[in-house]
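First comes the structure, then the notes that go with it.
Residue numbers (the numbering used here): 2 to 480.
Take a look at the structure:
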């Protein structure tokens, strides 16, 4: 009987356990990583309300990299203050005796007049720069692995660095501008690839360090609003952004296959040529191509204190970066947009006369030539808004008109538009425009109910090859 009772008791206990509700552990909500661009400034209170984890933020543009739930991403996509939401993008290097390249761009003519790039700061956004007896590194940062140095573990960045700035020390090779200050901005890993958010961080660093030029021998076929915002911000800060056009070229040059960031108006897209001044078969083509430079079998510095020959538009871009450094030193009073105009003028026109999709304006040449720039025409810029006062939520239409000294409308002029909010607010909106055949460029600035109220200032700065630069300002009130 005792045994029977004991069995019954255990049966009852077991039944209670089986019948009792079993707590179910809540499954974590899957999160995703995205890059978000705000129209004006980052709304941190909004991000907190969505339990978003900020993985990266930037000083010079309203961009954040976030980790958050899919539901939160959907909520952000409906917010009127958001410009864009995108996933990470992978960028790769654009590569397939530097001596011939140096001769082609006529750098020795500048050296003979003591123009060597001294005092100019050039950042190389790449795989880093290795220690090398032919290179001096002024500084840098590693955004791939912040625990380690900016030294190169691939070789690509070191090769690019040598084309720009290998020392005139009797060793190995010599760069286009051997006396520039080099900055190693490591955003690509040992395999030559890297994330969009790291590249944006590298551009942010360049702005903070007040560099004069950044070389971006990298690219992707994917457009990115976040990258576009960052490149525009760098250019508007006075930095010349040099980017390789890409290695997607075809036999037919009427195909537009230039990659990003080279495709942006604020970047200088560089195509590659060979020793015979022909377009390299791999060199991408398109309307964004601005100039061409040597990019086939270019010999330069490499890992382990060595030298190597490489081909690609990655090799062409640093020729242009070095050339720009010489121009900046030679013309210290000119703005970065004026320096860009000189770059476009001092070329050997190749291919179809004028600017074309294969060579842009042409192969870069020394500014110390017998040919001097023609007398420039004056420009006059006006900027207006369609009203003087607006209610928050309205769209503001901004109209820029450019004429020459004879009051003739000027088409094709580059217009840099800057919209500054009321005093006390630091976020500035910018846009790069081009005047049409009517001499006009029109921009629509959107506001919403939470936009800062007060007096806004609009400035339009105009530049065009063989024309003087001009600017104008206006204001409007947001109520």
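Even for Gly, the Cβ is constructed at its ideal location relative to N, Cα and C.
Just to check my reading of the structure: residue 32 and residue 167 have Cβ atoms closer than 8 Å, yes? What is that Cβ distance to the nearest angstrom? By 1-based counting over the chain shown, the position of residue 32 is 31. By 1-based counting over the chain shown, the position of residue 167 is 166. Between residue 167 and residue 32 the Cβ distance is about 46 Å, and since that is not below 8 Å, they are no contact.
Going by other Cβ atoms of all chains shown within 10 Å of its Cβ, with 16 needed for buried, is residue 287 buried or exposed? By one-based count along the chain shown, residue 287 stands at place 286. The residue is buried, with at least 16 neighbouring Cβ atoms inside 10 Å.
Nearest by alpha-carbon distance to residue 278: which of 364, 249, 265, 269 is it? As a position in the chain shown, residue 278 is number 277, starting the count at 1. Among 364, 249, 265, 269, the Cα nearest to that of residue 278 belongs to 364.
Residues that DSSP places opposite residue 417 in a beta bridge: Here residue 417 is taken as the residue at index 416 of the chain shown, counted from 1. In DSSP, residue 417 forms a bridge with 433, 462.
Helix or strand or just coil, what does DSSP make of residue 117? Along the chain shown, read from residue 1 onward, the residue named residue 117 stands at position 116. Coil at residue 117, not helix or strand.
If we count the other Cβ atoms within 10 Å of its Cβ and call it buried at 16 or more, is residue 65 buried or exposed? Taking the first residue of the chain shown as 1, we reach residue 65 at position 64. Buried: at least 16 other Cβ atoms inside 10 Å.
Below 8 Å between beta carbons: does that hold for residue 87 and residue 126? As a first step, residue 87 must be located in the chain shown, where it is residue number 86. As a first step, residue 126 must be located in the chain shown, where it is residue number 125. The answer is no: Cβ separation not under 8 Å.
Can you have a look at residue 478 and say buried or exposed, based on whether 16 or more other CB atoms are within 10 angstroms of its CB? Indexing the chain shown from 1 puts residue 478 at position 477. Counting Cβ neighbours within 10 Å, residue 478 comes out exposed, since fewer than 16 surround it.
Range covered by the beta strand (DSSP E) that runs through residue 33: Within the chain shown, the letter at position 32 stands for residue 33. Run containing residue 33: 32-39, per the beta strand (DSSP E) assignment.
Could you spell out the range, first to last residue, of the alpha helix (DSSP H) harbouring residue 317? As a position in the chain shown, residue 317 is number 316, starting the count at 1. Unbroken alpha helix (DSSP H) run through residue 317: 314-331.
Residue 424: buried (16+ other C-beta within 10 angstroms of its C-beta) or exposed? Mapped onto the chain shown, residue 424 falls at position 423. Flag for residue 424 reads exposed.
What first and last residue would you give for the alpha helix (DSSP H) that runs through residue 124? In the chain shown, the residue the question calls residue 124 occupies position 123. Segment 122-127 is the beta strand (DSSP E) holding residue 124; no alpha helix (DSSP H) there.
Pair within 8 Å by beta-carbon distance, residue 241 and residue 341: On the chain shown, residue 241 is found 240 positions in, with the first residue counted as 1. On the chain shown, residue 341 is found 340 positions in, with the first residue counted as 1. Yes. Within cutoff.
Rounded to the nearest angstrom, how far is the Cβ of residue 449 from that of residue 81, given a contact under 8 Å? The residue you call residue 449 lines up with position 448 of the chain shown. The residue you call residue 81 lines up with position 80 of the chain shown. So it is a contact: roughly 5 Å between Cβ atoms.
To the nearest angstrom, how far is it from the Cα of residue 378 to the Cα of residue 405? Start at 1 with the first residue of the chain shown, and residue 378 comes out as number 377. Start at 1 with the first residue of the chain shown, and residue 405 comes out as number 404. Going from the Cα of residue 378 to the Cα of residue 405 covers about 7 Å.
The stretch 113-133 / the stretch 213-230 touching (three or more Cβ pairs under 8 Å): yes
Limits of the unbroken alpha helix (DSSP H) element including residue 180: Sequence index remark: in the chain shown, residue 180 carries index 179 (1-based). From DSSP, residue 180 is part of no alpha helix (DSSP H); its letter is neither H nor E.
Pick from 129, 193, 398, 264: whose alpha carbon is nearest that of residue 1? The structure shown does not extend to residue 1, since the chain spans only 2 to 480, so no value can be given for it.
Would you kindly check if the distance between the Cβ of residue 145 and the Cβ of residue 79 is under 8 Å? Taking the chain shown and counting its residues from 1, the one referred to as residue 79 is at position 78. Taking the chain shown and counting its residues from 1, the one referred to as residue 145 is at position 144. No, the pair does not count as a contact, with Cβ atoms beyond the cut-off.
Shortest alpha-carbon distance to residue 57 belongs to which of 275, 49, 104, 67? Along the chain shown, one-based indexing puts residue 57 at 56. For the residues 275, 49, 104, 67, the minimum Cα distance to residue 57 belongs to 67.
I'd like to know if the stretch 222-235 and the stretch 289-301 are in contact, where contact means that at least 3 CB-CB pairs between them fall below 8 Å. no
Using 10 angstroms around the beta-carbon of residue 407, count the other beta-carbons present and answer buried if the total reaches 16, otherwise exposed. For this step, residue 407 is matched to residue 406 along the chain shown. Flag for residue 407 reads exposed.
Considering only DSSP beta bridges, list what residue 244 is partnered with. In the chain shown, the residue the question calls residue 244 occupies position 243. According to DSSP, residue 244 bridges with 217, 270.
Whole angstroms is fine: what's the gap from residue 469's alpha carbon to residue 416's? The sequence position of residue 469 within the chain shown is 468, counting from 1. The sequence position of residue 416 within the chain shown is 415, counting from 1. About 13 Å.
Does the beta-carbon distance from residue 163 to residue 176 come in below 8 Å? Residue 163 sits at position 162 when you count from the first residue of the chain shown. Residue 176 sits at position 175 when you count from the first residue of the chain shown. Yes, the pair counts as a contact, with Cβ atoms nearer than the cut-off.
Residue 392 - DSSP class collapsed to helix/strand/coil: The residue given as residue 392 occupies position 391 in the chain shown. The answer is coil: DSSP assigns residue 392 none of H, G, I, E or B.
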